[in-house]
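**Q** Before anything else, here's the structure in question.
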DNA sequence: GCGCAGGTGCGTACGCCGTGCGCTAGGGTG
DNA sequence: CACCCTAGCGCACGGCGTACGCACCTGCGC
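Protein chains in written order, with the numbering used here: chain A, 1 to 240; chain B, 1 to 240.
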């Protein structure tokens with residue numbers, strides 16, 4: 001047994017515990033999870049991957065987060081916290097509601113994974129940011145003149161529309177984010193298959209033919225705005 | 001080595017290959033997958049579980065289905081195939097569109113897992129049943145007098161609304177299906193927590209207070225119908 | 001100075017998962 | 001009879017979420 005096999009009780013010999021990062025915290029973990037989800041989608045988030053991005057072991061995360069499901073709930077509420085603040089509120093009811101809707105859609109498209117996650121966990125009972133957002137929107141409808149009971153339904157109608165539209169846009173965007181390709185590449189790659197699939201359906205075929213070459217982002221935008229105005233039209237019929 | 005350790009080359013000695021089931025087929029697999037999904041939700045569907053329900057090994061399924069993702073696509077299109085057929089079409093545009101919307105919602109609520117799955121895979125490019133359904137609905141809007149380009153947007157608006165509403169209802173229903181409890185049990189169990197959470201938000205608090213004791217299924221139904229009529233109102237403003 | 005308590009991070013391990021691969025046996029065809 | 005084709009299976013691999021218990025750091029009362 002030679003001397004250097006003995007453990008040397010010296011600070012310099014020990015591996016110098018790495019503590020340069022401000023340690024692990026719930027906020028850090030959630031923020032990094034959101035970053036990973038944005039970059040690579042829901043499937044790519046595993047506790048091991050997330051841990052290694054934070055220079056930590058997978059199981060260390062469990063000191064700050066009870067489970068992966070809870071982590072998702074926290075991530076979803078973090079996104080709710082990102083929604084644009086109320087705004088000037090000077091303009092009329094229609095403009096304010098439209099702005100909220102546009103902000104909601106924009107946020108979903110920035111984090112496309114959230115659409116599928118919301119569909120899993122539901123919209124009710126979410127965290128404080130989600131509640132604050134609902135409260136604000138409900139106030140907006142009440143101020144517009146909807147009686148309280150109806151304001152709730154009117155708000156749900158608008159939110160349902162926005163979520164429905166954004167969900168299908170988001171599914172497309174997450175697929176692209178996951179695969180790493182560009183939107184244009186994927187469009188060009190899938191278009192022929194789509195045209196072949198709709199061959200037997202004259203109206204769908206005409207629709208595809210008419211849209212060939214359009215910028216999909218722009219036509220999604222137009223389509224969203226069209227439906228938004230229709231929903232607002234329909235709600236307005238209930239006001240004096 | 002005694003005699004009965006020798007393999008006996010007789011039909012009666014062999015374990016009698018079980019072939020009473022008409023073997024494995026893609027249709028059988030998809031049908032059983034849908035059944036399992038309805039009963040226990042997305043998480044519960046694993047190839048091993050599905051295989052054992054069919055008296056088969058997990059990897060045997062791969063002879064008929066390329067991957068689990070493909071199995072989900074087939075399951076989703078199977079549900080599209082379940083949508084109510086066009087119907088008499090005698091009544092006006094509004095009634096027909098409303099019926100399609102109600103049928104869509106009812107189908108989603110019967111298979112609540114499909115909402116989250118649709119949010120993952122997107123609504124476009126799905127199987128033949130989905131395409132047929134879109135073609136029919138598009139025809140309905142064109143017949144109502146929408147010019148072709150706008151008919152597409154109008155249809156998307158309606159579908160987005162229905163999907164958005166049904167998605168959040170479905171999330172609730174799948175949670176209940178997964179857990180095995182009853183709707184009433186869960187409502188009673190979660191209500192106090194929800195009331196506590198909305199304590200600081202007067203409008204949300206008032207809403208909960210007003211709804212205490214209501215039948216949630218009924219008020220979901222009412223809320224859906226309210227929004228449906230508003231969306232149809234909004235679309236109708238574009239017709240002569 | 002010293003022991004102690006509480007909390008943080010990690011290594012290991014368990015039981016799942018999707019699925020690739022190569023074998024076997026049974027039925028159809030020459 | 002020989003032959004091949006194919007459905008089904010057993011095994012194995014790498015990855016997953018996470019329970020558990022140990023090692024260590026920090027701060028406190030003595």
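Think of the CB as a built atom: it goes at the ideal place given N, C-alpha and C, for glycine as much as any other residue.
Among the residues of its own chain, which have a CB less than 6 Å from the CB of residue 94/B, if the five just before and after it don't count?
**A** To locate residue 94/B, count along the second chain from 1; it is residue 94. Around residue 94/B: 232.
**Q** Along the region 162-174 of chain A, where does the CB come closer than 9 Å to a CB of chain B? Name the residues.
**A** Result list: 162, 163, 164, 165, 166, 167, 168, 169, 170, 171, 172, 174.
**Q** Based on Cα-Cα distance, which residue from 212/B, 222/B, 113/B, 42/B lies nearest to residue 154/A?
**A** For the purposes of this step, residue 154/A is taken as the residue at position 154 of the first chain. The residue with the shortest Cα to Cα distance from residue 154/A is 222/B.
**Q** With distances taken Cα to Cα, identify the nearest neighbour of residue 130/A among 159/A, 143/A, 141/A.
**A** The residue given as residue 130/A occupies position 130 in the first chain. Nearest option by C-alpha distance: 159/A.
**Q** Taking Cβ-Cβ distances shorter than 8 Å, what residues in chain A pair up with residue 34/B?
**A** Looking up residue 34/B in the second chain gives position 34. By Cβ distance, chain A contributes nothing, its closest Cβ being about 18 Å from residue 34/B, past 8 Å.
**Q** Does any CB atom of chain A fall closer than 8 Å to the CB of residue 100/B?
**A** If you number the second chain from 1, residue 100/B lands on position 100. False, the Cβ-Cβ gap to chain A never drops below 8 Å.
**Q** Using the C-alpha atoms, what's the distance from residue 57/B back to residue 107/A?
**A** Your numbering for residue 107/A matches position 107 in the first chain. Your numbering for residue 57/B matches position 57 in the second chain. Going by the C-alpha atoms only, they are around 44 Å apart.
**Q** Quick one: grab the DSSP three-state call for residue 199/A.
**A** Residue mapping note: residue 199/A aligns to position 199 of the first chain, counting from 1. Note: residue 199/A maps to coil in three-state DSSP.
**Q** Under 8 Å Cβ-Cβ, which residues of chain A neighbour residue 149/B?
**A** Indexing the second chain from 1 puts residue 149/B at position 149. Result: 210.
**Q** Tell me the rounded alpha-carbon separation between residue 100/A and residue 211/B.
**A** Position 100 of the first chain, counted from the start, is the residue given in the question as residue 100/A. Position 211 of the second chain, counted from the start, is the residue given in the question as residue 211/B. Roughly 25 Å between the two C-alpha positions.
**Q** Could you check if residue 16/B is buried or exposed, using at least 16 other CB atoms within 10 Å of its CB as the buried criterion?
**A** Along the second chain, one-based indexing puts residue 16/B at 16. Summary for residue 16/B: the model assigns pLDDT 45, below 50, so the residue's position carries little reliability, and this model does not support an answer.
**Q** Residue 259/A lies in the alpha helix (DSSP H); which residues open and close that run?
**A** Examination of residue 259/A is not possible in this model, given that chain A is present from 1 through 240 alone.
**Q** Alpha helix (DSSP H) containing residue 148/B: first to last residue?
**A** Looking up residue 148/B in the second chain gives position 148. Run containing residue 148/B: 148-179, per the alpha helix (DSSP H) assignment.
**Q** Do we get a CB-CB distance below 8 Å when we pair residue 195/A with the residues of chain B?
**A** Locating residue 195/A in the first chain gives position 195, counting from the first residue. Chain B contact via Cβ: absent.
**Q** Would you list, in sequence order, the uninterrupted alpha helix (DSSP H) runs of no fewer than 4 residues that lie entirely inside the region 64-111 of chain B?
**A** Within the region 64-111 of chain B, the complete alpha helix (DSSP H) runs of at least 4 residues are 68-80, 93-110.
**Q** Among residues of its own chain, excluding the 5 on either side of residue 49/A, which ones have a beta-carbon nearer than 8 Å to its beta-carbon?
**A** The residue given as residue 49/A occupies position 49 in the first chain. Excluding positions up to five away in sequence, the list reads 36.
**Q** Can you find a CB in chain B that lies within less than 8 Å of the CB of residue 110/A?
**A** Position 110 of the first chain, counted from the first residue, corresponds to residue 110/A. By this cut-off, residue 110/A is not an interface position.
**Q** Can you pull the chain A residues whose beta carbon is under 9 Å from the beta carbon of residue 125/B, in chain order?
**A** Here residue 125/B refers to the residue found at position 125 of the second chain. Those are 190, 193, 194, 197, listed as they occur along chain A.
**Q** Grab me the residues of residue 32/B's own chain with a C-beta within less than 7 Å of its C-beta, minus the 5 sequence neighbours each way, in chain order.
**A** The sequence position of residue 32/B within the second chain is 32, counting from 1. Excluding residues within five positions, the ones whose Cβ falls inside 7 Å are 50, 53, 54.
**Q** Please tell me whether residue 166/A and residue 83/A are closer than 8 Å, where the distance is taken between their beta carbons.
**A** The count along the first chain starts at 1 and reaches residue 166/A at position 166. The count along the first chain starts at 1 and reaches residue 83/A at position 83. Cβ atoms of residue 166/A and residue 83/A: not closer than 8 Å.
**Q** So is residue 226/B in contact with chain A if we call contact Cβ pairs under 8 Å?
**A** Taking the first residue of the second chain as 1, we reach residue 226/B at position 226. Yes - at least one Cβ of chain A is within 8 Å of the one on residue 226/B.
**Q** Give a yes or no on whether 8 Å exceeds the smallest Cβ distance from residue 69/A to chain B.
**A** Taking the first residue of the first chain as position 1, residue 69/A is located at position 69. With 8 Å as the cut-off, residue 69/A does not count as an interface residue toward chain B.
**Q** Using 8 Å as the threshold, is the C-beta distance between residue 75/B and residue 121/B below it?
**A** Locating residue 75/B in the second chain gives position 75, where the first residue counts as 1. Locating residue 121/B in the second chain gives position 121, where the first residue counts as 1. For residue 75/B and residue 121/B, no; Cβs fall outside 8 Å.
**Q** Which whole-angstrom value is the C-beta distance of residue 78/B and residue 115/B, which I expect to be below 8 Å?
**A** Position 78 of the second chain, counted from the start, is the residue given in the question as residue 78/B. Position 115 of the second chain, counted from the start, is the residue given in the question as residue 115/B. Actually they are not in contact, since the Cβ atoms of residue 78/B and residue 115/B sit about 15 Å apart, beyond 8 Å.
**Q** Taking 8 Å as the CB-CB limit, is residue 14/A close to chain B?
**A** Counting from one through the first chain, the residue named residue 14/A turns up at place 14. Since pLDDT at residue 14/A reaches only 43, below the 50 mark, its modelled position is unreliable, and the value read off the structure follows with that caveat. Not an interface residue.
**Q** If I'm right that residue 238/A touches residue 146/A with Cβ under 8 Å, what's the distance once you round it to whole angstroms?
**A** Here residue 238/A corresponds to residue number 238 of the first chain, with the count starting at 1. Here residue 146/A corresponds to residue number 146 of the first chain, with the count starting at 1. Confirmed, Cβ separation roughly 7 Å.
**Q** So, is the C-beta of residue 152/A closer than 8 Å to a C-beta in chain B?
**A** Taking the first chain and counting its residues from 1, one reaches residue 152/A at position 152. True, the Cβ-Cβ gap to chain B drops below 8 Å.
**Q** Can you confirm whether residue 119/B, when its beta carbon is compared against all beta carbons of chain A, has any partner nearer than 8 Å?
**A** Translated into positions along the second chain, residue 119/B becomes position 119. Closer than 8 Å: yes.
**Q** Taking only three categories from DSSP, how would you classify residue 213/B?
**A** Position 213 of the second chain, counted from the first residue, corresponds to residue 213/B. Reduced to three states, the DSSP call for residue 213/B is coil.
**Q** Can you tell me which of the three DSSP states residue 249/B falls into?
**A** Within the shown structure, residues of chain B are numbered from 1 to 240, placing residue 249/B beyond reach of any answer.
**Q** Which of the three DSSP states, helix, strand or coil, is assigned to residue 141/A?
**A** For the purposes of this step, residue 141/A is taken as the residue at position 141 of the first chain. Of the three classes helix, strand and coil, the one that applies to residue 141/A here is helix, per DSSP.
**Q** Is the CB-CB distance between residue 241/A and residue 62/B below 8 Å?
**A** For chain A, the structure presents residues 1 to 240; residue 241/A sits outside this window and is missing.
**Q** Thinking C-beta only, is residue 179/A closer than 8 Å to residue 112/A?
**A** Start at 1 with the first residue of the first chain, and residue 112/A comes out as number 112. Start at 1 with the first residue of the first chain, and residue 179/A comes out as number 179. In this structure, residue 179/A does not lie closer than 8 Å to residue 112/A by Cβ.
**Q** Chain A partners of residue 156/B, CB-CB under 8 Å?
**A** For the purposes of this step, residue 156/B is taken as residue 156 along the second chain, with counting starting at 1. Those are 165, 223, 227, listed as they occur along chain A.
**Q** Counting contacts by CB-CB distance shorter than 8 Å, is residue 83/A in contact with chain B?
**A** As a working mapping, residue 83/A is identified with position 83 in the first chain. Output row for residue 83/A: interface = no.
**Q** Within a Cβ cutoff of 8 Å, which residues of the same chain sit near residue 138/A, ignoring the five residues on either side of it in sequence?
**A** For the purposes of this step, residue 138/A is taken as the residue at position 138 of the first chain. 151, 152, 155, listed in sequence order.
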